[in-house]
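Here is the structure we will look at.
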């Protein structure tokens with residue numbers, strides 16, 4: 030069997046198609062494990078993982094913690110609100126202090142883009158990026174592609190439109206990389222103000238009209254409007270955004286074909302998608318969450334297998 | 002590298018029939034018994050025995066599952082090669098059942114130790130037995146012995162025992178391979 034080409038999962042940008050497929054195949058096995066009466070395997074019983082969340086998270090953090098516990102790893106949690114960062118400690122110092130307590134892997138979310146890459150150059154532990162600013166969120170992209178693969182049998186050749194706030198979204202960037210590496214075609218759709226200026230350099234086309242974008246695609250990934258990252262107004266009102274870029278059941282039903290609707294959560298019901306869409310059979314939002322645990326188990330397992338065993 | 006035939010196709014066939022008969026002696030109509038093939042190589046033997054029990058001995062509804070032990074192994078991160086997982090497929094409940102583990106070669110006993118842990122995820126069996134085609138004597142690391150064995154083999158550590166199956170390797174045979 031092959032192994033991952035990297036020692037850290039910092040972003041989809043840094044891994045290749047074989048890595049992604051290896052993660053998917055491993056996740057298939059873990060998906061079977063988490064559907065057993067006893068959902069736990071002892072693989073990582075000698076590994077300690079620190080979850081460092083310098084930014085709020087519910088879903089990702091729970092998902093990682095569950096994945097770690099189902100692999101029998103020891104887990105320590107850390108959140109920025111209660112940390113010494115507020116006392117002026119640097120990131121490297123904080124992490125080195127934690128590592129001196131013999132931690133093998135770090136799962137980190139940080140508001141600054143590149144925080145994971147920076148850390149990987151300075152510390153001696155496997156790092157999994159759980160979101161760095163508006164840069165990357167690799168495990169989310171992996172679970173999104175895995176969910177597409179599960180629903181539509183493969184990702185290659187599929188047309189995927191990512192709708193909404195592309196500018197502030199790490200999910201969008203990681204998804205674009207992952208989908209393209211797996212052979213899908215990607216379009217983005219949203220208010221021009223929320224589309225990065227150089228998006229076409231990534232090989233992604235832009236469509237301003239939501240109906241046209243949905244008629245073109247097999248899968249629509251609806252992103253949340255990240256109000257917390259917007260220092261200025263990017264569109265007039267939420268109501269106007271919803272009218273132009275919100276998906277409702279009537280619009281979906283009028284397409285003449287059944288597309289798959291995804292959402293990385295948390296959903297603003299009635300803004301980017303209406304409740305009847307979120308709860309419909311076309312939406313695979315809860316499958317995404319379930320697959321998230323299997324994908325994260327696979328990532329942690331494969332990275333842990335690259336940590337040298339210490340005979341002492 | 003040289004290799005020696007330990008069992009040819011006829012001898013494998015005879016051993017399989019004997020093992021099937023021994024299973025019937027202890028498990029009668031297999032009402033409370035389930036067979037579990039250990040992935041990857043125990044599966045062929047388990048499938049053969051199932052077919053034999055059903056066709057030649059007219060026992061109906063033999064339950065057979067496949068158990069992958071990769072995530073339970075104690076040599077994770079110790080080997081040179083990463084461990085490759087296989088499919089686990091156990092479509093029945095092992096709670097209050099007699100489980101028979103089926104593997105091709107019993108060597109150090111570590112795989113079976115892992116399988117004993119792994120099967121607990123599917124319930125609490127009343128008892129667990131072990132069937133192996135080849136039992137390598139004097140090489141155990143753990144106090145594990147088979148309940149049913151096809152053939153005992155004395156092989157030194159550098160030698161390798163390879164079990165070939167028609168459906169996978171083109172012939173039924175057991176070889177002793179030495180460098």
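Protein chains in written order, with our numbering: chain A, 30 to 341; chain B, 2 to 180.
Where a beta carbon is used, it is the ideal one built from N, C-alpha and C, also for glycine.
The structure displayed is predicted, hence computed values, not measured ones.
#1: Do you know how far the Cα of residue 35 of chain A is from the Cα of residue 341 of chain A?
#2: Between residue 112 of chain B and chain C, is there a C-beta pair that is closer than 8 Å?
#3: I'd like the span of the alpha helix (DSSP H) that includes residue 209 of chain A, first residue to last.
#4: Could you list which residues in chain A have their beta carbon closer than 9 Å to that of residue 93 of chain B, in chain order?
#5: Which runs of the alpha helix (DSSP H) spanning at least 4 residues fall entirely within the region 292 to 326 of chain A, listed in chain order?
#6: Which chain A residues sit within Cβ distance under 8 Å of residue 121 of chain B?
#7: Since residue 58 of chain A meets chain B, which of its residues come closer than 9 Å, beta carbon to beta carbon?
#8: Here's a check: name, in chain order, each residue in its chain whose Cβ is nearer than 7 Å to the Cβ of residue 211 of chain A, leaving out the five neighbours to either side.
#9: What is the residue span of the beta strand (DSSP E) that residue 163 of chain B lies within?
#10: Does any C-beta atom of chain A lie closer than 8 Å to the C-beta of residue 118 of chain B?
#11: Compare the C-beta of residue 135 of chain A with all C-beta atoms of chain B and state if any pair is closer than 8 Å.
#12: In angstroms, rounded to a whole number, what distance separates the CA positions of residue 94 of chain B and residue 65 of chain B?
#13: I need the straight-line Cα distance from residue 69 of chain B to residue 87 of chain B, nearest angstrom please.
#14: Considering only residues of the same chain and omitting the five flanking positions on each side of residue 63 of chain B, which have a CB-CB separation below 7 Å?
#15: Could you check whether the Cβ of residue 333 of chain A sits closer than 8 Å to any Cβ belonging to chain B?
#16: Report yes or no: do the region 97 to 113 of chain B and the region 124 to 140 of chain B share at least 3 C-beta pairs separated by less than 8 Å?
#17: Near residue 192 of chain A, what residues of its chain come up, given a Cβ to Cβ distance below 8 Å and the 5 sequence neighbours on each side ignored?
#18: How many angstroms separate the CA atom of residue 214 of chain A from the CA atom of residue 187 of chain A?
#19: Determine, using beta-carbon pairs with one atom in the region 111 to 130 of chain B and one in the region 71 to 78 of chain B, whether at least three such pairs fall under 8 Å.
#20: By DSSP's criteria, residue 249 of chain A is part of a beta bridge. Which residues make up the other side?
#21: Check this for me: beta carbons of residue 247 of chain A and residue 289 of chain A, under 8 Å apart or not?
#22: In chain order, what residues of the same chain lie with their CB nearer than 8 Å to the CB of residue 131 of chain A, ignoring the 5 residues before and after it?
#23: Exposed or buried, what is residue 298 of chain A when buried is set at 16 or more other beta-carbons lying within 10 Å of its beta-carbon?
#24: Which residues share a DSSP beta bridge with residue 139 of chain A?
#25: Taking 8 Å as the threshold (C-beta atoms), are residue 39 of chain A and residue 156 of chain A in contact?
#26: Tell me where the alpha helix (DSSP H) around residue 78 of chain B begins and ends.
#27: Around the Cβ of residue 98 of chain B, are there at least 16 other Cβ atoms within 10 angstroms (buried) or fewer (exposed)?
#28: Using alpha carbons as the reference points, say which of A:333, A:336, A:54 and A:327 lies closest to residue 179 of chain A.
#29: What are the complete alpha helix (DSSP H) segments, minimum 4 residues, inside the region 13 to 95 of chain B?
#30: Is residue 77 of chain A close to chain B, meaning its C-beta is less than 8 Å from at least one C-beta of that chain?
#31: Do you know offhand how far residue 83 of chain A's Cα is from residue 127 of chain A's?
#32: Show which residues of chain B have a CB atom less than 7 Å away from the CB atom of residue 97 of chain A.
#33: Considering only C-alpha positions, which residue in the set A:284, A:326, A:336 and A:334 is nearest to residue 100 of chain A?
#34: Which one of A:138, A:62, A:133 and A:43 has the shortest CA to CA distance from residue 123 of chain B?
#35: Could you give the C-beta distance for residue 162 of chain B and residue 143 of chain B, rounded to a whole number, given that I count them as a contact under 8 Å?
#36: Does any residue of chain B have a CB that is nearer than 8 Å to the CB of residue 346 of chain A?
The relevant details are as follows:
#1: The residue you call residue 341 of chain A lines up with position 312 of the first chain. The residue you call residue 35 of chain A lines up with position 6 of the first chain. Because residue 341 of chain A sits at a pLDDT of 41, beneath the cut-off of 50, its placement in the model cannot be relied upon, and the following sentence gives the value as read from the coordinates. When rounded, the distance between both Cα atoms is 25 Å.
#2: You won't find chain C in this structure, because its protein chains are A and B.
#3: Here residue 209 of chain A refers to the residue found at position 180 of the first chain. Here the alpha helix (DSSP H) through residue 209 of chain A covers 199 to 210.
#4: Position 92 of the second chain, counting from 1, holds the residue named residue 93 of chain B. Within chain A, no residue comes near residue 93 of chain B; the closest Cβ sits about 12 Å away, beyond 9 Å.
#5: 304 to 307
#6: Taking the first residue of the second chain as 1, we reach residue 121 of chain B at position 120. Under the 8 Å cutoff, chain A gives 67.
#7: In the first chain, residue 58 of chain A corresponds to position 29, counting from 1. Correct list: 69, 71, 72, 86, 87, 88 and 89.
#8: Counting from one through the first chain, the residue named residue 211 of chain A turns up at place 182. Hits under 7 Å: 46, 49, 174, 184 and 185.
#9: Sequence index remark: in the second chain, residue 163 of chain B carries index 162 (1-based). Segment 161 to 165, the beta strand (DSSP E) holding residue 163 of chain B.
#10: Your numbering for residue 118 of chain B matches position 117 in the second chain. Taking Cβ atoms only, chain A reaches closer than 8 Å to residue 118 of chain B, which makes this a yes.
#11: Within the first chain, numbered from 1, the residue matching residue 135 of chain A stands at position 106. No, residue 135 of chain A does not count as interfacial toward chain B.
#12: As a working mapping, residue 94 of chain B is identified with position 93 in the second chain. As a working mapping, residue 65 of chain B is identified with position 64 in the second chain. Residue 94 of chain B and residue 65 of chain B: Cα-Cα distance of roughly 11 Å.
#13: For this step, residue 69 of chain B is matched to residue 68 along the second chain. For this step, residue 87 of chain B is matched to residue 86 along the second chain. Each residue's Cα considered, the two are about 6 Å apart.
#14: The sequence position of residue 63 of chain B within the second chain is 62, counting from 1. Excluding residues within five positions, the ones whose Cβ falls inside 7 Å are 31, 36, 51, 54 and 55.
#15: What you label residue 333 of chain A is simply residue 304 of the first chain in a count that begins at 1. Chain B contact via Cβ: present.
#16: yes
#17: As a first step, residue 192 of chain A must be located in the first chain, where it is residue number 163. Once the five neighbours on either side are set aside, the close Cβ partners of residue 192 of chain A are 217, 218, 219, 239, 242, 249, 250, 251, 252, 274, 276 and 301.
#18: To locate residue 214 of chain A, count along the first chain from 1; it is residue 185. To locate residue 187 of chain A, count along the first chain from 1; it is residue 158. Cα to Cα, the separation comes out at about 6 Å.
#19: yes
#20: By 1-based counting over the first chain, the position of residue 249 of chain A is 220. A:190 and A:290, per the DSSP bridge assignment.
#21: Looking up residue 247 of chain A in the first chain gives position 218. Looking up residue 289 of chain A in the first chain gives position 260. Yes, these two residues count as a Cβ contact at 8 Å.
#22: Looking up residue 131 of chain A in the first chain gives position 102. For residue 131 of chain A, where only same-chain residues beyond five positions count, the Cβ hits under 8 Å are 77.
#23: Along the first chain, one-based indexing puts residue 298 of chain A at 269. By the 10 Å Cβ count, residue 298 of chain A comes out exposed.
#24: For the purposes of this step, residue 139 of chain A is taken as the residue at position 110 of the first chain. In DSSP, residue 139 of chain A forms a bridge with A:161.
#25: The residue labelled residue 156 of chain A in the question sits at position 127 within the first chain. The residue labelled residue 39 of chain A in the question sits at position 10 within the first chain. Yes, Cβ-Cβ distance for residue 156 of chain A and residue 39 of chain A is below 8 Å.
#26: Along the second chain, one-based indexing puts residue 78 of chain B at 77. Where residue 78 of chain B is concerned, there is no enclosing alpha helix (DSSP H), given that its DSSP letter is neither H nor E.
#27: The count along the second chain starts at 1 and reaches residue 98 of chain B at position 97. When all chains shown are included, residue 98 of chain B counts as buried.
#28: As a position in the first chain, residue 179 of chain A is number 150, starting the count at 1. For residue 179 of chain A, the nearest C-alpha among the options comes from A:54.
#29: 43 to 56
#30: Start at 1 with the first residue of the first chain, and residue 77 of chain A comes out as number 48. Taking Cβ atoms only, chain B never reaches closer than 8 Å to residue 77 of chain A, which makes this a no.
#31: Here residue 83 of chain A is taken as the residue at index 54 of the first chain, counted from 1. Here residue 127 of chain A is taken as the residue at index 98 of the first chain, counted from 1. Computed Cα separation, rounded: 14 Å.
#32: Taking the first residue of the first chain as 1, we reach residue 97 of chain A at position 68. Under the 7 Å cutoff, chain B gives no residues; its nearest Cβ is about 14 Å from residue 97 of chain A.
#33: Taking the first chain and counting its residues from 1, the one referred to as residue 100 of chain A is at position 71. Out of A:284, A:326, A:336 and A:334, A:326 has the C-alpha closest to the C-alpha of residue 100 of chain A.
#34: Numbered from 1 along the second chain, position 122 holds the residue referred to as residue 123 of chain B. The candidate whose alpha carbon is nearest that of residue 123 of chain B is A:62.
#35: By one-based count along the second chain, residue 162 of chain B stands at place 161. By one-based count along the second chain, residue 143 of chain B stands at place 142. The pair is not a contact, with the Cβ atoms about 18 Å apart (cut-off 8 Å).
#36: The question about residue 346 of chain A has no answer, for chain A in this structure spans 30 to 341.
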